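Below: one structure, written as structure tokens.
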Amino acid sequence: MTRLLTHSIPAVLLLCATGTGCAVVPNGAAPQDHSGPVLLFRSGFEADTAIEQVSATSDKLVGADRSVAGNNNWTTIAPDTNGRIHGGKLNYNPGDWTCRQAIIAPDPTDPDNRVLRLRGVPSPESPKFRIQADFTSPVQQGFKEFSCSVRLTVPETMAALRDYPKAITWLTVAEFWNDSAWTSREDTEYAFRVTVGIGKDAGAGEELYFRISTDDFSHTGTGANRKYKQIHLEVERAAHFPIPFDTWLTLEYHFRDGDQNEGLFRLAATPAGGERQEICTLHSIMHSPQNPDPKGVTYWAPIKMYTSATLAAWMQSQGRELELLFDDLAIWTGPPPGSPEPDAGL
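Under mature numbering (1 follows the signal peptide of the UniProt record, and there is no 0), read the sequence shown as residues -23 to -1, 1 to 323, first letter to last.
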């Protein structure tokens, strides 16, 4: 079943433009060593891109965004990147398409542009609310250093969250795992996660901001009976950058595996028509402190909306849905093209 029939819409995706120093991997070619970033995949969800149903709780992105060059096809993303990236699954679990969905829709600010719209309401059977686009890499090909760029709009309807009476510490918009914690593989002895979310201080009328955290995990049991417990390592509240509504933000994520001295996670944001701003620069360990041989990032979700059913139910009580818009996804090896060197003092 196809969730959306595609039709031709002109668009231009301004990614990896001339002069950025970014190499592009041709279709089907294995990524090679370069002195600068290598663009592995990108999509702006334009014509010939669609969403197909997989099950009641998941869909998948398929087809090519022919408005951009290079690897732009969701259907062939794995062979096009020589097996380095597998991606495009849209996961609603727990919950299903009756209460939450990802759809390709016109951009509210530009009907000639298509975007990925995540929206939904709480499910009575689920304590969580999740919509996410999953990406994985083989364990032995984890990304020691890589970057993602994606545009995000927080619709004006989400401004109702400013009046949520409690602090918001769980509204995830992106996630990066140096080995994921939900499989029974031996490698998950050392799960580690970086989470980027939307946060808010307690009290009505507070601004929304980006909240970045890192977590280690302890565990008990084995196989299907394994249970994990989060161990919070660091939390950064980027309250200096109030999140605007109905404004496209180009978000740049830069991950570099390493110890307390070499590890790096960096988030920058560029509002439409505005200047690039540093949101957070974490110089910190980027794998489990107990891990003797970290593999790098093997799972990430740069397009995500994940929170509690409590927050989703509160929004519903205000006559609102949870909703986020995403566009123009790009994935590189190395740092983002054209980005300045991070300040070691931050």
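Every residue gets a Cβ at the ideal spot worked out from N, C-alpha and C, and that includes glycine. Computed from a prediction, not measured in an experiment: that's the story for all the values here.
Subject >> Bridge partners - Lys37, DSSP secondary structure assignment >> reply: In the sequence shown, counting from the first residue as 1, residue 37 sits at position 60. Answer by DSSP bridge pairing, in chain order: Glu29 and Lys66.
**OP:** Quick one: which unbroken beta strand (DSSP E) runs of 3-plus residues sit fully inside the stretch 166 to 208? Chain order, please.
**Re:** 169 to 176 and 186 to 197
Original post:
How many Å lie between Glu239 and Asp193 at the Cα?
Top reply: Along the sequence shown, read from residue 1 onward, the residue named residue 239 stands at position 262. Along the sequence shown, read from residue 1 onward, the residue named residue 193 stands at position 216. Computed Cα separation, rounded: 17 angstroms.
**OP:** Scan the stretch 107 to 140 and note each continuous beta strand (DSSP E) run of 3 residues or more that stays entirely inside, going in chain order.
**Re:** 122 to 130
Subject >> Distance, Gln237 Cα to Glu29 Cα >> reply: For this step, residue 29 is matched to residue 52 along the sequence shown. For this step, residue 237 is matched to residue 260 along the sequence shown. C-alpha separation (whole angstroms): 42 angstroms.
Subject >> Cβ-heavy atom distance, Pro312 to the ligand HEM, below 7 angstroms >> reply: The ligand HEM is not part of this structure, which contains no ligands at all.
Subject >> Residue of Met292, Arg297, Gln78 and Ala246 minimising C-alpha distance to Thr130 >> reply: To locate residue 130, count along the sequence shown from 1; it is residue 153. Selected option, being the one with the closest Cα: Ala246.
Subject >> Close Cβ partners of Ala136 (< 6 angstroms) along its chain, the five nearest in sequence each way excluded >> reply: Along the sequence shown, one-based indexing puts residue 136 at 159. Hits under 6 angstroms: Phe222.
**OP:** Let me know the secondary structure DSSP gives Met263 once reduced to three states.
**Re:** In the sequence shown, counting from the first residue as 1, residue 263 sits at position 286. Coil.
**OP:** With distances taken Cα to Cα, identify the nearest neighbour of Gly180 among Glu152, Gly40, Leu148 and Pro142.
**Re:** Taking the first residue of the sequence shown as 1, we reach residue 180 at position 203. Measuring from the Cα of Gly180, the nearest candidate turns out to be Pro142.
**OP:** Mark Asp305 as exposed unless 16 or more other C-beta atoms lie within 10 angstroms of its C-beta, in which case mark it buried.
**Re:** As a working note, residue 305 is residue 328 in the sequence shown. With 16 or more Cβ atoms within 10 Å of its Cβ, Asp305 is classed as buried.
Original post:
Quick check: the stretch 68 to 78 against the stretch 95 to 103, are there 3 or more CB pairs under 8 angstroms?
Top reply: Output reads yes: the stretch 95 to 103 touches the stretch 68 to 78.
Subject >> Segment contact flag, the stretch 108 to 122 with the stretch 268 to 280, C-beta cutoff 8 angstroms, min 3 pairs >> reply: yes
Original post:
From this set, Arg170, Arg107 and Glu166, which residue's C-alpha is nearest Asn155's C-alpha?
Top reply: Numbered from its first residue, the sequence shown carries residue 155 at position 178. Checked all of Arg170, Arg107 and Glu166; the closest Cα to Asn155 is Arg170.
**OP:** In angstroms with no decimal places, state the Cα-to-Cα distance between Ser161 and Gly64.
**Re:** Start at 1 with the first residue of the sequence shown, and residue 161 comes out as number 184. Start at 1 with the first residue of the sequence shown, and residue 64 comes out as number 87. In this prediction, Ser161 scores a pLDDT of 48, lower than 50, which makes its location untrustworthy; no coordinate-derived value is stated.
Original post:
In whole angstroms, what separates the C-alpha of Gly21 from that of Asp140?
Top reply: Locating residue 21 in the sequence shown gives position 44, counting from the first residue. Locating residue 140 in the sequence shown gives position 163, counting from the first residue. Rounded to the nearest angstrom, the two C-alpha atoms are 33 angstroms apart.
Original post:
Quick one: any contact between the stretch 52 to 62 and the stretch 77 to 96, if contact means 3 or more CB pairs under 8 angstroms?
Top reply: no
**OP:** Report the rounded CA-to-CA distance for Pro132 versus Arg214, giving the unit in angstroms.
**Re:** To locate residue 132, count along the sequence shown from 1; it is residue 155. To locate residue 214, count along the sequence shown from 1; it is residue 237. Each residue's alpha carbon lies about 21 angstroms from the other.
**OP:** Identify whether Ile220 lies in helix, strand or coil by the three-state DSSP scheme.
**Re:** What you label residue 220 is simply residue 243 of the sequence shown in a count that begins at 1. Coil at Ile220, not helix or strand.
**OP:** Tell me, please, which residues DSSP counts as bridged to Ser157.
**Re:** Translated into the one-based positions of the sequence shown, residue 157 becomes position 180. Answer by DSSP bridge pairing: none, since Ser157 is not bridged.
Original post:
In this structure, what does DSSP give as the bridge partners for Val274?
Top reply: Residue mapping note: residue 274 aligns to position 297 of the sequence shown, counting from 1. DSSP lists Phe120 as partners of Val274.
**OP:** Consult DSSP for Asp234 and reduce its assignment to one of helix, strand or coil.
**Re:** As a position in the sequence shown, residue 234 is number 257, starting the count at 1. Reduced to three states, the DSSP call for Asp234 is coil.
Original post:
Excluding five sequence neighbours on each side, which residues of the same chain lie with their C-beta closer than 6 angstroms to the C-beta of Glu229?
Top reply: Translated into positions along the sequence shown, residue 229 becomes position 252. Here Glu229 has Ser126, Ala245 and Pro313 as same chain residues with Cβ atoms under 6 angstroms from its own Cβ, once five neighbours each way along the sequence are excluded.
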